[in-house]
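Undergrad: The numbering of the sequence shown is my numbering, which starts it at 34 and goes up by one.
Note that beta-carbon positions come from the ideal geometry of N, C-alpha and C, so glycine has one too.
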Amino acid sequence: MAEITATEQTPVSMLRREQRKKRYYSIGFVLPCLVLALFVLIPFLGPSYKTLDLALKIIIFASLVASFDIMLGYTGILSFGHGMFFGIGAYCVAFLNGKYGDPTYFHLFLGLLLAVAVACVLALIVSLISLRVKAIFFAMITLALAELTIVLANKLSHFTGGEDGISISLPGIFSAAFSPGSFLGLDISGRVITYYFILLACLGLFALMLRFTHSPLGRVLQAIRDNTDRAEALGYKTFYFQTLSIVLGCTVAAMTGGLYAMWVGYVNPESTLEVMAIMLNVLLMVIIGGMGTLYGGIVGAAFLLITQTFLPDLQKLAIDLFPNASLLHTILERWLLLFGILFILVVIFFPKGVVGSAREFIARARGEAFFSS
Numbered sequence: 034m035a036e037i038t039a040t041e042q043t044p045v046s047m048l049r050r051e052q053r054k055k056r057y058y059s060i061g062f063v064l065p066c067l068v069l070a071l072f073v074l075i076p077f078l079g080p081s082y083k084t085l086d087l088a089l090k091i092i093i094f095a096s097l098v099a100s101f102d103i104m105l106g107y108t109g110i111l112s113f114g115h116g117m118f119f120g121i122g123a124y125c126v127a128f129l130n131g132k133y134g135d136p137t138y139f140h141l142f143l144g145l146l147l148a149v150a151v152a153c154v155l156a157l158i159v160s161l162i163s164l165r166v167k168a169i170f171f172a173m174i175t176l177a178l179a180e181l182t183i184v185l186a187n188k189l190s191h192f193t194g195g196e197d198g199i200s201i202s203l204p205g206i207f208s209a210a211f212s213p214g215s216f217l218g219l220d221i222s223g224r225v226i227t228y229y230f231i232l233l234a235c236l237g238l239f240a241l242m243l244r245f246t247h248s249p250l251g252r253v254l255q256a257i258r259d260n261t262d263r264a265e266a267l268g269y270k271t272f273y274f275q276t277l278s279i280v281l282g283c284t285v286a287a288m289t290g291g292l293y294a295m296w297v298g299y300v301n302p303e304s305t306l307e308v309m310a311i312m313l314n315v316l317l318m319v320i321i322g323g324m325g326t327l328y329g330g331i332v333g334a335a336f337l338l339i340t341q342t343f344l345p346d347l348q349k350l351a352i353d354l355f356p357n358a359s360l361l362h363t364i365l366e367r368w369l370l371l372f373g374i375l376f377i378l379v380v381i382f383f384p385k386g387v388v389g390s391a392r393e394f395i396a397r398a399r400g401e402a403f404f405s406s
């Protein structure tokens, strides 16, 4: 049998070289760049607070959903306690920039670092305790821990502020009162600078998660998700890989919680720790966007937050346009019904989520084109 020399090209190497040439022209590269450009230009296109608030919450929750997708979509670990780490990150920033610290740059970045440290330690403890059980039992344990965290946040009011929560003050250029002037017609303020800082931070977190999932380690996690017994038979210590996945996902969730606290300037148990308020939305975003895609978090967060923001305003619009259509007013008043219908339609027409179904369609089209040629 003839040996393949270093100068000879195999079909696999030729295919990979062609893919590397075309990757900067593929829809998988161009579309995310266009989405990123849109978020960069949002302050110029729609400088109102409502527009900035919606855009930045989409960015933050897209990162949170992606961190949850690493556990569920790539490793097959269902956790109902992911929102707990989001709240812990928010409280770490609030403690050092509100209740127990002055608004300084040192306290701000120390709060974010503290969120990472606490999330790492707590995620390790949760993994050691909970990964010994499988499937739904792991989810129930994490749900119990999340509920315990909510109870502690409410009962330890002298420490956490209880239901009243903690107000946050930001330092220097992040302060709402900061206003150095204008740039290209945009009034630069502390809110705008905070917007771009959080956008850059979330972009870095997303790039980290992309690199993680596309590395050989990410391939091992997908093998564990598909068949744990076979992965163990191949010699992989699945417990350690699952623990690493949980630690990374929970750490990113804590970071997004800290960034969320920076933006809203207020933290309380209901807004950052409540399971129904956080985890239900995260699960809906994962289902809508598609599990095991990461990019699906952007689609899911945009769909959910945009509908939650604008569907309640449809009744006012209908009253102005059709003042005598009382039945239409009654239907639009129950906007959650409309959201439920939209969600059902998405699940029916995109069974693997929007991004997952789109990838499957593109792969099928490429396969048909390949075989037809």
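(1) Grab the span of the beta strand (DSSP E) containing S215 for me, first residue to last.
(2) DSSP state of D220, grouped into three classes?
(3) Let me know if I377 comes out buried or exposed under the rule of 16 or more other beta-carbons within 10 Å of its beta-carbon.
(4) Taking one C-beta from the stretch 198-217 and one from the stretch 294-308 each time, how about it: are there three or more such pairs within less than 8 Å?
(5) Below 8 Å, how does it come out for the stretch 118-131 and the stretch 366-374: are there three or more Cβ pairs, yes or no?
(6) Taking C-beta to C-beta, are F113 and L176 nearer than 8 Å?
(7) If A264 sits next to A256, beta carbons under 8 Å apart, how far is it from one beta carbon to the other, in whole angstroms?
(8) Please report the distance separating the alpha-carbon of G134 from that of R392.
(9) Could you check where the alpha helix (DSSP H) with S190 kicks off and where it finishes?
(10) Span of the alpha helix (DSSP H) holding A156?
(11) What's the C-alpha gap between V388 and G329?
(12) Rounding to the nearest angstrom, what Cα-Cα distance links V319 and L337 in this structure?
(13) Assuming contact is defined by CB atoms lying nearer than 8 Å, are M295 and I226 in contact in what I supplied?
(14) What do you get for S17, buried or exposed, if any count of 16 or more other CB atoms within 10 angstroms of its CB means buried?
(15) In angstroms with no decimal places, state the Cα-to-Cα distance between G223 and S163.
(16) Check whether the Cβ atoms of L347 and F372 lie closer than 8 Å to each other.
(17) Go ahead and pull the three-state DSSP assignment for Y299.
(18) Cβ atoms of V98 and V315: under 8 Å apart, would you say?
(19) With which residues is S200 paired in a DSSP beta bridge?
(20) Using only alpha-carbon positions, find the residue among A240, I169, I121 that is nearest to L155.
(21) Helix, strand or coil: which one does DSSP assign to G291?
(22) Taking its Cβ as the centre, do 16 or more other Cβ atoms sit within 10 Å of R165, making it buried, or is it exposed?
(23) Measuring alpha carbon to alpha carbon, tell me which residue in P136, M309, L313 is nearest G205.
(24) Sort S215, T108, Y293, A95 by Cα distance to A148 and report the nearest one.
(25) For V253, name the three-state secondary structure that DSSP assigns.
(26) Compare the C-alpha of I169 against each of A335, I110, I331, G79 and name the closest.
(27) Could I get the ranges of all uninterrupted alpha helix (DSSP H) runs contained in the stretch 95-145, with 4 residues as the minimum, in chain order?
(28) Between the alpha carbons of T108 and D259, how many angstroms are there, rounded?
(29) What's the C-alpha gap between I395 and V63?
(30) Please confirm whether F119 and T276 have their CB atoms less than 8 Å apart.
(31) Helix, strand or coil for S81? Go by DSSP, reduced to three states.
(32) Going along the chain, which residues of its own chain have a beta-carbon closer than 8 Å to the beta-carbon of R252, five neighbours each way excluded?
(33) Could you check whether C283 and I92 sit closer than 8 Å to each other, using their CB atoms as the reference points?
(34) In angstroms, rounded to a whole number, what distance separates the CA positions of I364 and D220?
(35) Flag this pair as yes or no: are the beta carbons of A150 and A334 separated by less than 8 Å?
(36) Determine the DSSP secondary structure at S359, reduced to helix, strand or coil.
TA: Result, derived from the coordinates:
(1) 214-216
(2) strand
(3) exposed
(4) yes
(5) no
(6) yes
(7) 5 Å
(8) 47 Å
(9) 190-193
(10) 138-163
(11) 5 Å
(12) 10 Å
(13) no
(14) With the chain covering only 34 through 406, there is no way to say anything about residue 17.
(15) 42 Å
(16) no
(17) strand
(18) yes
(19) Y299
(20) I121
(21) helix
(22) exposed
(23) P136
(24) Y293
(25) helix
(26) I110
(27) 115-127
(28) 8 Å
(29) 15 Å
(30) no
(31) coil
(32) none
(33) no
(34) 40 Å
(35) no
(36) helix
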